[in-house]
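To start, the structure itself, in structure tokens.
Residue numbers (our numbering): 2 to 353.
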């Protein structure tokens, strides 16, 4: 008798990177960097952030970015959802403090609402859903590009001193994020081919850098007693709030793009690009903005990232399932019309 095998549901994506993030947080909890090791980890984290944005700049084709701006109406719609609707919902969540969310968790939630959209996962889900992949590529890339400047400015406006933002943070943003990004753009002409040929290896560099940033941030948090600041009930409350936030954004992006008259493929791209937030861009920015308090500040973003992957995986498959049905209905209609035409021709031929 064969033993039943435990299978993971197809609608539940197992993200290896998320598992690595959880393991990194566990490592930081068990073996946090202290003293000299903490100083070395902090300096290495700063270098990792600069490397990340240098690679982002070197990979992004300036020509593609400019060409993508031709779909200005779609891009403005995604930017409006990402940097206007999201922050407004984040500000509305202020009424949940201190009854549902603590102030530190709310600060992290508001920061989550300020970071740019994803690129890779938006493209992947748009492709699965049979939407406009080219639009998703341009929208995600354009959002990331704008976010390098707009996210810090929104943080200065909405977080202020309470979020750890200051003029010094703005200078750090410029030197750790914007300058490396621009350097990557300038050097792309000479190193772009190399990066394209070694895309897979550099993907490990990307993720390894992010894991190092997470380890440094949570090590500092552990030394300062981060887990004593969050109870299981508060974590569950945060998950509930983020589930509502994601549901609202998916609904607003879907129906909003439909009311705006976008075709189906564009609506899919807008729904995925406009409702998602980038962990890869948000974590380095949080490290620069919040410093030692980044551990608790990025917790909402990490939870939201995994939630959006799970929900959007289900949604993308539902979008894809509708296409064969629509095509099948059209084919049946075409077949019926063809048969009626053939029958009419036969009748006409017999009468001649």
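Beta carbons are placed, not taken as given, at the ideal position from N, Cα and C, and that holds for glycine.
Exercise. Under a three-way DSSP split, which group does residue 177 fall into?
Worked result: helix
Problem set entry | residue 49 beta carbon less than 7 Å from that of residue 214 | Contact: yes.
Exercise. Leaving out five residues before and five after residue 116 in sequence, what residues of the same chain have Cβ atoms less than 8 Å from its Cβ?
Worked result: In the same chain as residue 116, and ignoring 5 residues on each side of it, the C-beta atoms closer than 8 Å to its own belong to 148, 152, 278, 279, 282, 283, 286 and 302, in chain order.
Exercise. Just checking, does the segment 266 to 276 make contact with the segment 70 to 83 on the three C-beta pairs under 8 Å criterion?
Worked result: yes
Problem set entry | Coil, strand or helix - residue 261 by DSSP | Reduced to three states, the DSSP call for residue 261 is coil.
Problem set entry | Validate contact between the segment 180 to 188 and the segment 255 to 264 using beta carbons, cut 8 Å, 3 pairs | Contact between the segment 180 to 188 and the segment 255 to 264 is not established, with fewer than three Cβ pairs separated by less than 8 Å.
Exercise. In this structure, does DSSP put residue 122 in helix, strand or coil?
Worked result: helix
Exercise. Among 131, 142, 183 and 305, which one has its Cα closest to the Cα of residue 54?
Worked result: 183
For this session: Note the first and the last residue of the continuous alpha helix (DSSP H) segment covering residue 47.
Result: 36 to 60
Exercise. When you compare only the Cα positions, how much space is there between residue 224 and residue 295?
Worked result: Between residue 224 and residue 295, the C-alpha separation is close to 13 Å.
Problem set entry | Rounded straight-line distance, which links the Cα of residue 40 to that of residue 26 | 18 Å
For this session: Return the Cβ separation of residue 83 and residue 275 in integer angstroms, given the expectation that the two are a contact with Cβ distance under 8 Å.
Result: 6 Å
Exercise. Count the other CB atoms within 10 Å of the CB of residue 81; is the residue buried (16 or more) or exposed (fewer)?
Worked result: exposed
Exercise. Count the other CB atoms within 10 Å of the CB of residue 100; is the residue buried (16 or more) or exposed (fewer)?
Worked result: exposed
For this session: Could you tell me if residue 250 is buried or exposed, where buried requires 16 or more neighbouring beta carbons within 10 angstroms of its beta carbon?
Result: buried
For this session: Give the single residue among 144, 304 and 315 whose Cα lies nearest to the Cα of residue 110.
Result: Closest option to residue 110, Cα to Cα, is 304.
Exercise. For residue 121, is the classification buried or exposed, using 16 other Cβ atoms within 10 angstroms of its Cβ as the cut-off for buried?
Worked result: exposed
For this session: Measure the alpha-carbon distance for residue 326 versus residue 85 and round it to whole angstroms.
Result: The predicted model places residue 326 with a pLDDT of 49, which falls under 50 and marks its position as unreliable; any figure quoted below should be read in that light. Cα to Cα, the separation comes out at about 36 Å.
For this session: Would you mind reading off the limits of the alpha helix (DSSP H) that contains residue 134?
Result: Per DSSP, residue 134 belongs to the alpha helix (DSSP H) from 134 to 159.
For this session: Would you kindly check if the distance between the Cβ of residue 314 and the Cβ of residue 130 is under 7 Å?
Result: no
Exercise. Quick one: what does DSSP say residue 230 is sitting in, helix, strand or coil?
Worked result: Coil at residue 230, not helix or strand.
Exercise. If you draw a straight line from the C-alpha of residue 20 to the C-alpha of residue 208, how long is it?
Worked result: 12 Å
Exercise. Of all the options 144, 159, 150 and 79, which has the alpha carbon lying nearest to the alpha carbon of residue 112?
Worked result: 159
Exercise. Mapping DSSP to helix, strand and coil, what is residue 76?
Worked result: helix
Problem set entry | Residue environment, residue 233, which counts as buried when at least 16 other CB atoms sit within 10 Å | exposed
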